[in-house]
Amino acid sequence: MKIGILISGRGSNMVALVDAVKSGEIPDSTVAVVISDKANAPGLEKARERGVETVVIERRGRTREEHDADIIAELRRRDVELVCLAGYMRLLSKDFVQAFENRIVNIHPSLLPDFPGLSVQQQALDAGVKISGCTVHFVNEDLDAGPIILQRAVEVKNDDTAETLAARILEQEHGAYVEAVRGIVSSRAAR
Ligand code: GRF
Numbered sequence: 698m699k700i701g702i703l704i705s706g707r708g709s710n711m712v713a714l715v716d717a718v719k720s721g722e723i724p725d726s727t728v729a730v731v732i733s734d735k736a737n738a739p740g741l742e743k744a745r746e747r748g749v750e751t752v753v754i755e756r757r758g759r760t761r762e763e764h765d766a767d768i769i770a771e772l773r774r775r776d777v778e779l780v781c782l783a784g785y786m787r788l789l790s791k792d793f794v795q796a797f798e799n800r801i802v803n804i805h806p807s808l809l810p811d812f813p814g815l816s817v818q819q820q821a822l823d824a825g826v827k828i829s830g831c832t833v834h835f836v837n838e839d840l841d842a843g844p845i846i847l848q849r850a851v852e853v854k855n856d857d858t859a860e861t862l863a864a865r866i867l868e869q870e871h872g873a874y875v876e877a878v879r880g881i882v883s884s885r886a887a888r
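Take any residue in the sequence shown, note its place counting from 1, add 697, and you have its number in the numbering used here.
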């Protein structure tokens, strides 16, 4: 399966996916492109080091639809079949979701539907939950709301800060994202 990955920053989930494709843990797949909406995203260099083509498409004052149209064109040009959002910090337009219906996935650092949006770990600490985690889900037009593919739980410790909790959840995210994409690839190959 041809995979395209969208990032805005660090790119550790992108690296986990790229490495899993390279090792064959995600079989019969290639990462065709990594696209960032930020020219200074540290993940861009990590993708290039791994020999993956990168493209920067900044918003530059355009509408969401105009910006997304450029991204869709780059994905289509490479026949991308599955779009993985990996720390991509922008909501997708309706056009984007429809162009890749049921073929866009995201990872979010909470057990959705709890704590969508930003400052997720602080939301979990403020709510006093004892279990949080991460969710891989299909993307629809609502924020952090599409059908859930899989989740992994992480214990919240009494002395956790948003940073320590985020770090332990991130460790689980990488394996969860690889497992989810591997599952999608094998279920679509079986069709
Ligand atoms: C991760 O916590 C992910 O769940 C969220 O943004 C963060 C991105 O981290 N959507 P990275 O760029 O993959 O390292």
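All C-beta atoms, glycine included, are put in the ideal place defined by N, C-alpha and C. Owing to the predicted nature of the structure, the values given are computational and were not obtained by experimental measurement.
- Proximity to H834 across N855, Q820 and L782 peaks at L782, based on C-alpha coordinates.
- For E762, the three-state secondary structure derived from DSSP is helix.
- Nearest Cα to F793 within the set D765, L840 and G708: D765.
- Distance from the C-beta of I754 to the nearest heavy atom of ligand 1 is not below 6 Å.
- Within the same chain, and ignoring the five residues on either side of Q820 in sequence, the residues whose Cβ sits closer than 7 Å to its Cβ are F812.
- Here A729 carries a strand assignment [DSSP, helix/strand/coil].
- Distance from the CA atom of I769 to the CA atom of R879, rounded to whole angstroms, is 23 Å.
- Taking every protein chain shown into account, the CB of I828 has fewer than 16 other CB atoms within 10 angstroms, so this residue is exposed.
- Going by C-alpha positions, S883 is about 9 Å away from I723.
- A heavy atom of ligand 1 is found nearer than 6 Å to the CB of G708.
- Pairing I704 with G784 gives a Cβ-Cβ distance under 7 Å.
- Annotation for G784 indicates a beta carbon within 6 Å of some heavy atom of ligand 1.
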